[in-house]
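Enquirer: Numbering of the sequence shown is given in numbering that gives the first Met the number 0, commencing with residue 0 and proceeding in unit increments. Glycine included, C-beta positions come from ideal geometry on N, C-alpha and C.
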Amino acid sequence: MRTLFSLLLLLLNGVAAAQPEAPVEGGKPAATAAAAPAPVKAPVPAYFALTKDVSRFYMYANGGFNADWYVGYNNSWIVKLPPIPVGGFAKAYIGAKLGRAKIMSWPQGWDKTPIPGKIYMAVGQEPKFTSDNMYFLVDAADLPLEPLPNDSLEGVDSAKWFWSEVPLSRVSSEAPNYLALWSVSRYFMSSSSSPIIAAAISDDKEENVWLNRSIRGNPPSGENVLETPISGIKPALAFKLVPQNDYKVLIKGFMGELSSGNILVSFSTIGEDIRAAWIEMSYDKFDWQRVSRYMFRAPYFYSFKRDDLSGDMFYLRAAAVDGLENTGYSKEIAIPIAEPAPPSTGKVE
């Protein structure tokens, strides 16, 4: 009997020893923690350019010597990128880093109207660019302006990236990806009237950059499309791939002040990597059009002359876009009908 009791006691001690002890904290056993979930990877865009470090695209378009690297009616930049993995991404964009747009009277300041001109990009797996694979990128009037040597100028800023969405199917994971950049504006025939594309120094020996000077506002095409090879320096042309995400852009505190024929609006944004903001106008709250330049950083203030918009009642709202190309809008505000000018008394003093 004593032997049987000893065996039972030994068995019970063995079972207890097999149970892991909970850590003791403050003299009391702590509850056993559940396994921590794996961290969720935040959605971020992926960039693909001829220079892996896209921050190196600081040459020419920010100021100083421009090397005649203009975006032109007679000047198209073409690059060849390797196959790009598109798995795990929901949207694709092509873009360029541009700056130093000119005003009508540049380098004088008597006409500060920005020179307009639509800039386009094209994408393909071969250097064959047509209207079927070209996309509007930006109007030069919305680019950062080149400063004047002896005058102040609104809209001067460093070069910025501009993006245009393309179907994800336009990006190949198996074949090379070609990008082309040019303008359809006859104004853009030289660097003295045209925007400038940013560039980066590279020791890449592969022939993957070309300049085509034979175009006349059309997409570069033909047998000699890869006209002039460029080595040692790469233009700022790139793909941006964006994963599925639930990020939101919020606009807070949008308000307008009317005084002496002017409208001053202001607002704040909440979001990740806000890259641009602007003001839109509508008469019916359905059809909206942008009526301001892009604003690239806070604080966000913008002034309008009432005569430049409308004397009728209309609505304004603010909008902003983040680095993942999510766009948010404010609640609209109503701008009442402009008060008529007081009648002239006819007196001459």
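#1: For N244, which residues of its own chain have a beta-carbon under 6 Å away from its beta-carbon, when the five flanking residues on both sides are left out?
#2: Can you name, in chain order, every residue of its own chain whose Cβ lies under 8 Å from the Cβ of P298, other than the five neighbours on each side?
#3: Any idea if K251 is buried or exposed, counting beta-carbon neighbours within 10 angstroms, 16 or more meaning buried?
#4: Among residues of its own chain, excluding the 5 on either side of K117, which ones have a beta-carbon nearer than 7 Å to its beta-carbon?
#5: Can you have a look at M312 and say buried or exposed, based on whether 16 or more other CB atoms are within 10 angstroms of its CB?
#6: When you compare each of L236, P194, F56 and N217 to K209 by their alpha carbons, which one comes out closest?
#7: Take the Cβ of I278 as the centre, count every other Cβ of all protein chains shown within 10 Å, and call the residue buried at 16 or more, exposed below.
#8: Per DSSP, what kind of secondary structure is N132 in: helix, strand or coil?
#9: Pull up the CB-CB distance for G270 and Y293, whole angstroms please, since I reckon it's below 8 Å.
#10: Measuring CA to CA, which of G255, P148 and S259 is closest to W109?
#11: Determine the closest residue to K159 out of G62, S220, Y314 and P82, with distance taken between C-alpha atoms.
#12: Among the residues of its own chain, which have a CB less than 7 Å from the CB of F161, if the five just before and after it don't count?
#13: Return the residue from the list P106, P234 and N217 that minimises the CA-CA distance to L144.
#14: Which first and last residues belong to the beta strand (DSSP E) in which D202 is found?
#15: I want to know whether the stretch 43 to 56 touches the stretch 119 to 133 - three or more CB-CB distances under 8 Å.
#16: Could you check the C-alpha separation between S192 and P115 for me, to the nearest Å?
#17: Quick one: is N261 buried, meaning 16 or more other Cβ sit within 10 Å of its Cβ, or exposed?
#18: Would you please state the rounded distance, in angstroms, between the beta carbons of W76 and I196? I believe it to be under 8 Å.
#19: Could you pull out every residue in the same chain whose Cβ sits closer than 8 Å to the Cβ of P353, ignoring the five residues on either side in sequence?
#20: Ignore the nearest five residues each way along the sequence and tell me which others in P84's own chain have a CB closer than 8 Å to its CB.
#21: Given a threshold of 16 other Cβ atoms within 10 Å of its Cβ, counted over all protein chains shown, does F64 qualify as buried or as exposed?
#22: Rounded to whole angstroms, what is the Cα-Cα separation between D67 and I229?
#23: Report yes if the C-beta distance between S189 and Y69 is below 8 Å; otherwise report no.
#24: Please classify A333 as buried or exposed, where buried requires at least 16 other C-beta atoms within 10 Å of its C-beta.
#25: In the stretch 229 to 276, which residue ranges form an unbroken alpha helix (DSSP H) of at least 4 residues, counting only runs that do not cross its ends?
#26: Alpha carbon to alpha carbon, how far is E256 from L308?
#27: Determine the closest residue to K284 out of A276, R316 and A275, with distance taken between C-alpha atoms.
#28: Note down, in chain order, each residue of its chain lying with its Cβ closer than 6 Å to the Cβ of A140, except the 5 sequence neighbours on either side.
#29: Are there 16 or more other CB atoms within 10 angstroms of the CB of Y92, so buried, or fewer, so exposed?
#30: Rounded to whole angstroms, how far is the Cβ of Y119 from the Cβ of K239, which I believe are closer than 8 Å?
#31: Three-state secondary structure (DSSP) at K330?
#32: Sort P166, E153 and G154 by Cα distance to N132 and report the nearest one.
#33: For G327 and A276, I'd like the C-alpha separation in whole angstroms.
#34: Using CA atoms only, rank isn't needed, just tell me which of Y59, N74, P44 and P194 is closest to G227.
#35: Using the C-alpha atoms, what's the distance from E338 back to A60?
#36: Could you give the C-beta distance for A89 and P242, rounded to a whole number, given that I count them as a contact under 8 Å?
Expert: Answer, in terms of the structure:
#1: Closer than 6 Å at Cβ, skipping near neighbours: P42 and L323.
#2: These residues qualify, in order along the chain: S265 and S267.
#3: With fewer than 16 other Cβ atoms from the protein chains shown falling within 10 Å of its own Cβ, K251 counts as exposed.
#4: The answer, listed in chain order, is F135, D138, S182, V183 and S184.
#5: So M312 ends up on the exposed side.
#6: Inspection of the sequence shows that residue 209 is occupied by Trp rather than by Lys. Residue L236 is the option with its Cα nearest to W209.
#7: Burial call: buried.
#8: Looking at N132 - three-state DSSP - the assignment turns out to be helix.
#9: Actually they do not touch by this definition, with Cβ atoms about 16 Å apart.
#10: Ranking G255, P148 and S259 by CA distance to the CA of W109 puts P148 first.
#11: Comparing Cα-Cα distances from K159 to each of G62, S220, Y314 and P82, the minimum goes to G62.
#12: Answer for F161: G94, A95, L97, L136 and V137, listed in chain order.
#13: It is P106 whose Cα lies nearest to the Cα of L144.
#14: Careful: D202 lies outside any beta strand (DSSP E) and carries neither H nor E.
#15: Touching, no.
#16: When rounded, the distance between both Cα atoms is 10 Å.
#17: By the neighbour-count rule (16 or more Cβ atoms within 10 Å), N261 is not buried but exposed.
#18: That belief holds up - the Cβ atoms of W76 and I196 are roughly 6 Å apart, short of 8 Å.
#19: Here the chain covers residues 0 to 348 and nothing more, so residue 353 does not appear.
#20: Excluding positions up to five away in sequence, the list reads S172.
#21: The residue in question, F64, is exposed, as its Cβ has fewer than 16 Cβ neighbours within 10 Å.
#22: The C-alpha of D67 lies about 13 Å from the C-alpha of I229.
#23: The Cβ atoms of S189 and Y69 sit closer than 8 Å to each other.
#24: Its Cβ having fewer than 16 others within 10 Å, A333 is exposed.
#25: Complete alpha helix (DSSP H) runs here, min 4: none at all.
#26: Taking the straight line joining both Cα atoms gives about 15 Å.
#27: The residue with the shortest Cα to Cα distance from K284 is R316.
#28: The residues are P113 and P115.
#29: Around the C-beta of Y92, 16 or more other C-beta atoms lie within 10 Å, and the residue is accordingly described as buried.
#30: About 17 Å separates the beta carbon of Y119 from that of K239, a gap too long to meet the 8 Å contact definition.
#31: Three-state result, K330: coil.
#32: Answer by Cα proximity: P166.
#33: Just so you know, the alpha carbons of G327 and A276 end up roughly 9 Å apart.
#34: Residue identity check: residue 227 is Thr in the sequence provided, not Gly. Comparing C-alpha distances from T227 to each of Y59, N74, P44 and P194 shows the shortest one belongs to N74.
#35: Near 44 Å, if we compare the C-alpha coordinates of E338 and A60.
#36: Contact between A89 and P242 is confirmed by a C-beta separation of about 6 Å, below the 8 Å threshold.
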